[in-house]
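Worksheet: the structure to be examined is printed underneath.
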Amino acid sequence: MSAFKREKKEEEDGGGNPFQNIEKTSVLQEARIFNETSVNPRKCTPILTKLLYMLNQGEQLSAKEATDVFFAMTKLFQSKDVILRRLVYLGIKELSSIADDVIIVTSSLTKDMTGKEDMYRAAAIRALCSITDATMLQAIERYMKQAIVDRNPAVSSAALVSSLHMTKFAPEVVKRWVNEAQEAVNSDNIMVQYHALGLLYHIRKTDRLAVTKLVSRLTRMSLKSPYAVCMLIRISAKLIEEEGSDSNSPYFEYIESCFRHKSEMVVYEAAHAIVNLDRTSSRELAQAISVLQLFCGAPKPTLRFAAVRTLNQVAISHPTAVTACNIDLENLITDSNRSIATLAITTLLKTGAESSVDRLMKQIASFVSEISDEFKVVVVQAIQALALKFPRKHSVLMNFLSAMLRDEGGLEYKASIADTIITIIEDNPEAKETGLAHLCEFIEDCEHISLAVRILNLLGKEGPKTKQPSRYIRFIYNRVILECPSIRAAAVSAMAQFGASCPNLLENIQVLLARCQMDSDDEVRDRATYYSSILNRNDKSLYNNYVLDTLQVSIPALERSLKEYSQSNTDQPFDIKAVPVAAVTKPDEHEVKQKSEGMLISNGPARAPPASREENFAERLSALPDVNLLGSLFKSSEVVELTESETEYVVRCVKHSYARHIVLQFDCLNTLDDQLLENVRVQLDPSEGYEIIKEIPCPKLPYNETGTVYIILKFPEDDLQNSIGTFGAVLKFLVKDCDPATGIPDIDAGYDDEYMLEDLEVTLGDQIQKVSKANWGAAWEEAEASSYEMEDTYALSSMNSLEEAVGNIIKFLGLQPAERSDKVPKDKTTHTLLLAGIFRGGIDILVRAKLALADGVTMQLTVRSQDEGVSDLITSVVG
Numbered sequence: 030m031s032a033f034k035r036e037k038k039e040e041e042d043g044g045g046n047p048f049q050n051i052e053k054t055s056v057l058q059e060a061r062i063f064n065e066t067s068v069n070p071r072k073c074t075p076i077l078t079k080l081l082y083m084l085n086q087g088e089q090l091s092a093k094e095a096t097d098v099f100f101a102m103t104k105l106f107q108s109k110d111v112i113l114r115r116l117v118y119l120g121i122k123e124l125s126s127i128a129d130d131v132i133i134v135t136s137s138l139t140k141d142m143t144g145k146e147d148m149y150r151a152a153a154i155r156a157l158c159s160i161t162d163a164t165m166l167q168a169i170e171r172y173m174k175q176a177i178v179d180r181n182p183a184v185s186s187a188a189l190v191s192s193l194h195m196t197k198f199a200p201e202v203v204k205r206w207v208n209e210a211q212e213a214v215n216s217d218n219i220m221v222q223y224h225a226l227g228l229l230y231h232i233r234k235t236d237r238l239a240v241t242k243l244v245s246r247l248t249r250m251s252l253k254s255p256y257a258v259c260m261l262i263r264i265s266a267k268l269i270e271e272e273g274s275d276s277n278s279p280y281f282e283y284i285e286s287c288f289r290h291k292s293e294m295v296v297y298e299a300a301h302a303i304v305n306l307d308r309t310s311s312r313e314l315a316q317a318i319s320v321l322q323l324f325c326g327a328p329k330p331t332l333r334f335a336a337v338r339t340l341n342q343v344a345i346s347h348p349t350a351v352t353a354c355n356i357d358l359e360n361l362i363t364d365s366n367r368s369i370a371t372l373a374i375t376t377l378l379k380t381g382a383e384s385s386v387d388r389l390m391k392q393i394a395s396f397v398s399e400i401s402d403e404f405k406v407v408v409v410q411a412i413q414a415l416a417l418k419f420p421r422k423h424s425v426l427m428n429f430l431s432a433m434l435r436d437e438g439g440l441e442y443k444a445s446i447a448d449t450i451i452t453i454i455e456d457n458p459e460a461k462e463t464g465l466a467h468l469c470e471f472i473e474d475c476e477h478i479s480l481a482v483r484i485l486n487l488l489g490k491e492g493p494k495t496k497q498p499s500r501y502i503r504f505i506y507n508r509v510i511l512e513c514p515s516i517r518a519a520a521v522s523a524m525a526q527f528g529a530s531c532p533n534l535l536e537n538i539q540v541l542l543a544r545c546q547m548d549s550d551d552e553v554r555d556r557a558t559y560y561s562s563i564l565n566r567n568d569k570s571l572y573n574n575y576v577l578d579t580l581q582v583s584i585p586a587l588e589r590s591l592k593e594y595s596q597s598n599t600d601q602p603f604d605i606k607a608v609p610v611a612a613v614t615k616p617d618e619h620e621v622k623q624k625s626e627g628m629l630i631s632n633g634p635a636r637a638p639p640a641s642r643e644e645n646f647a648e649r650l651s652a653l654p655d656v657n658l659l660g661s662l663f664k665s666s667e668v669v670e671l672t673e674s675e676t677e678y679v680v681r682c683v684k685h686s687y688a689r690h691i692v693l694q695f696d697c698l699n700t701l702d703d704q705l706l707e708n709v710r711v712q713l714d715p716s717e718g719y720e721i722i723k724e725i726p727c728p729k730l731p732y733n734e735t736g737t738v739y740i741i742l743k744f745p746e747d748d749l750q751n752s753i754g755t756f757g758a759v760l761k762f763l764v765k766d767c768d769p770a771t772g773i774p775d776i777d778a779g780y781d782d783e784y785m786l787e788d789l790e791v792t793l794g795d796q797i798q799k800v801s802k803a804n805w806g807a808a809w810e811e812a813e814a815s816s817y818e819m820e821d822t823y824a825l826s827s828m829n830s831l832e833e834a835v836g837n838i839i840k841f842l843g844l845q846p847a848e849r850s851d852k853v854p855k856d857k858t859t860h861t862l863l864l865a866g867i868f869r870g871g872i873d874i875l876v877r878a879k880l881a882l883a884d885g886v887t888m889q890l891t892v893r894s895q896d897e898g899v900s901d902l903i904t905s906v907v908g
């Protein structure tokens, strides 16, 4: 009876999954039925279905298993059953990349492809193209051309899409099918026309002139497929961006004409394209936004969602333009589709006035628990933008975020809230204590280890700077009692920072650290012992170097340096200053943009931080002769363009600085298909004091390949000021004329030629690596006695604001701003910029720039460094 009830319940629920508990072994065993003399479609169909389901669920077959099943499956071609035959085609596609000798079914598939049974032909084309390689393509080329222009739209579409896939391994063959693809563009079927345009564009996309002609021809004819029109709009928008055109461009006129198209999809695509163009005037933008405004009131939820999502993104860069839609957006707040309501409110948050914040937050609170984590993240990102826009509303926004923290949610959602609170704390000093209090409450019940560790690190950094540092100790020590080893270790480090920064708390902190020395985990015990020993010495210098400012070296470089040191026979002690520092990274620009638009939602674990530029280049450079004798790579510059991007020879340079040397890496590209360049080198005219140690030419540079030339130079030793210089450069090479098709030179002899390059500058920033200073003030005081100090005053008459001056100083000196001094308070006429970095050779630099705004900006610059020459270099270069 219970079994009957269960089956009855499954029936009511729509049935269970019949393939839920299948096993690979049993399915492969059942597949032996395919080998029987007479094929039974009724038995073979469910077995083949199970096999396909299993493969699509990620089950892996060995090459032998896949081959056995594949050959058994080919025997099913005997059956004329349509369903079984189509399943066989799917099986061939799935197994073609695993099984051996799949080519054996080519003749059967070709027969079905050219046969009279329309039910077979399209699927046979797709299966055939999945097993075809470049050597076999010639045999089926005639059939593919015929299929592209076939009267049956399913056959034509299958051939076009398969051709698009085959351009990956046989582009030259597919290019010969252009005439057939052009004929298919004239098809009355909307999907055939769309697929044909896609293939044509893919064939011609590397040829700007061909793409221009294609778009010009198609914009004059009336395409019946709305999908094809949407693709044409995207191609036109791309051409506008590449050419830097304005609204007078014929492509722009075509996109605007699509506002009058009968398909809503096309109208939306045209509006979306215009609002995303870089050079859009307010008039053109207003026209596109009015179209999106109309869609906000459309009866279809898909149109409302598309419109409000696009307006949400536009509100970031053009909030005033979206303000005209505020009434329509407010009507969408009560939309039955919660995704639309969420996007409407977050858009209003970006465009609304300060007075409307409280009302909007109440409306969000009424349904925020009903939406998915994905859209909760969108809400959080909008609140972050709002907090930066209206700092005085931080209390309301913080309370709302705190309530969201207490709700259920995944790591990405909770991390986005924590990120927002941290951003508000960093941007608005008045919000610091409120934000830290909310985070302290959150870690009491936080189930995500990585998030708890991050918040503890923040408490250790910011807590000692508050009015009542002692109030945070309880929350931190609770983590030592209640949490896992990773969190306990982070809590120990946070407590040590309080002990180092707050003398009145030191005695209590030492008691807590003594208790932690009896912890069951060795990491926690070791940290507690280490910090307790340092704090016992009562030495501010030790506090600053080993507690507040932790080791900032590059870990891969440290590992490599230690390995080299252990293998050497030197009696000299290991010098930590010889190890390159870890680069101060900033978030990827695309990632920042996505975050600001509320679109960056990660479903996987947190990614490891990307390798620095120096780590990426170090191994490659160490393989060069003589470079491994220069020591550790200190800094690699950004790429410097020495030619225009569209010239016949493109040359880019990367400057790699070492303690006493600089390696210039010239990446050269030959864009002429009728020339082969040999013995490519760069003739350098270095500045005074530089000495060329070695030149490593590029032996051969074929068409469209990048080759590299290296030059090793020694920095001037007598006067550091000579290290700032400009080099003249000429590209020299031996030219051999060759056949463009084969790349083989016509004759063995060539002729010498040269190409002038832009001058190359070695700047101060090329010799300085940024470092973060958690306690810049303590480092400044410590440096007073042991450093060379130089001071000068400068008039920055060309700068009209403190913000402009701060940005230019940071960029020019290549130093890292400390204690958020790069953020200039509004309506201030004075500001102090604090900077830190390391000069090549491991020389610490601290800079204080006092700025005053009057007629232009006046700057008093004070430099403290361990080397007198470095201090003199910085003050003289600024002057």
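Just remember that our numbering sits 29 ahead of the position in the sequence shown, which is counted from 1.
Ideal Cβ placement from N, Cα and C applies to all residues, glycine included.
These numbers were taken from a predicted model, which means no experiment stands behind them.
Strand pairing of residue i, partner residues [DSSP]
i: Gln322; result: Gln322 pairs with nothing; no bridge assigned.
i: Asp696; result: Arg681 and Thr737
i: His477; result: His477 pairs with nothing; no bridge assigned.
Test item: CB-CB of residue i and residue j under 9 Å
i: Val244; j: Leu261; result: yes
i: Leu577; j: Asn804; result: yes
i: Ala266; j: Leu306; result: yes
i: Val343; j: Ile362; result: no
i: Leu426; j: Leu415; result: yes
i: Ala525; j: Ile563; result: yes
i: Thr887; j: Leu825; result: yes
i: Val906; j: Ile753; result: yes
Unbroken beta strand (DSSP E) run spanning residue i, endpoints
i: Lys684; result: Tyr678 to Ser686
i: Met888; result: Gly885 to Ser894
i: Asp781; result: Tyr780 to Met785
i: Ile867; result: Thr859 to Phe868
i: Cys727; result: Cys727 to Leu730
i: Ala758; result: Gly754 to Asp766
i: Leu653; result: No beta strand (DSSP E) holds Leu653; DSSP gives it neither H nor E.
Limits of the alpha helix (DSSP H) - the one that residue i falls within
i: Lys569; result: Lys569 to Tyr572
i: Phe7; result: Residue coverage of the chain in this structure runs from 30 to 908, which leaves residue 7 outside it and unanswerable.
i: Arg272; result: According to the sequence as given, residue 272 is Glu; it is not Arg. Element bounds for Glu272: Pro255 to Glu272.
i: Leu440; result: Leu440 to Asp456
i: Leu825; result: No alpha helix (DSSP H) contains Leu825, which is instead part of the beta strand (DSSP E) from Tyr817 to Leu825.
i: Gly843; result: Neither: Gly843 is in no alpha helix (DSSP H) and is coded neither H nor E.
Close-in-space but distant-in-sequence residues of the same chain around residue i (CB under 6 Å, 5 per side omitted)
i: Glu209; result: Lys174, Ile177 and Val178
i: Tyr784; result: Tyr678 and Leu760
i: Met723; result: Correcting the residue identity first, residue 723 is Lys in this sequence and not Met. Closer than 6 Å at Cβ, skipping near neighbours: Asp655 and Ile741.
i: Pro330; result: Asn366
i: Ile484; result: Leu468 and Ile472
i: Ala299; result: Ile262, Ile284, Cys287 and Phe288
Same chain, Cβ closer than 7 Å to residue i, neighbours up to 5 away in sequence not counted
i: Leu662; result: Pro609, Glu643, Phe646, Ala647, Leu650, His685 and Tyr687
i: Ile393; result: Ile374 and Val408
i: Ala95; result: Leu124, Ile127 and Ala128
Residues of its chain near residue i, where Cβ-Cβ distance is below 8 Å and the 5 sequence neighbours each way are ignored
i: Glu811; result: Lys569, Ser570 and Asn573
i: Met102; result: Ala60, Phe63, Leu77, Val117, Gly120, Ile121 and Leu124
i: Leu332; result: Glu293, Tyr297 and Phe324
For the stretch 878-892 against the stretch 852-861, are there 3 or more C-beta pairs whose distance is under 8 Å?
By the Cβ rule, the stretch 878-892 counts as touching the stretch 852-861, because three or more pairs are nearer than 8 Å.
Could you tell me whether the stretch 870-879 touches the stretch 890-903, using the rule of 3 or more Cβ pairs below 8 Å?
Result yes; three or more Cβ-Cβ pairs closer than 8 Å.
For the pair the stretch 158-174 and the stretch 196-204, tell me if three or more CB-CB distances fall below 8 Å.
The stretch 158-174 is in contact with the stretch 196-204.
Three or more C-beta pairs below 8 Å linking the stretch 596-607 and the stretch 550-563
Too few Cβ pairs lie closer than 8 Å, so no.
When you compare the stretch 457-472 with the stretch 500-511, are there three or more beta-carbon pairs, one atom per stretch, that lie closer than 8 Å?
Result yes; three or more Cβ-Cβ pairs closer than 8 Å.
Counting beta carbon pairs with one atom in the stretch 766-783 and one in the stretch 829-836, are three or more of them shorter than 8 Å?
With a cut-off of 8 Å, the stretch 766-783 and the stretch 829-836 do not count as touching, because too few Cβ pairs lie within range.
Should the stretch 380-391 be regarded as contacting the stretch 414-424, the criterion being three or more beta carbon pairs within less than 8 Å?
Contact annotation: the stretch 380-391 touches the stretch 414-424, with at least three C-beta pairs closer than 8 Å.
Under 8 Å: do the stretch 151-162 and the stretch 135-143 share three or more Cβ pairs, one atom per stretch?
At 8 Å Cβ cutoff, the stretches touch.
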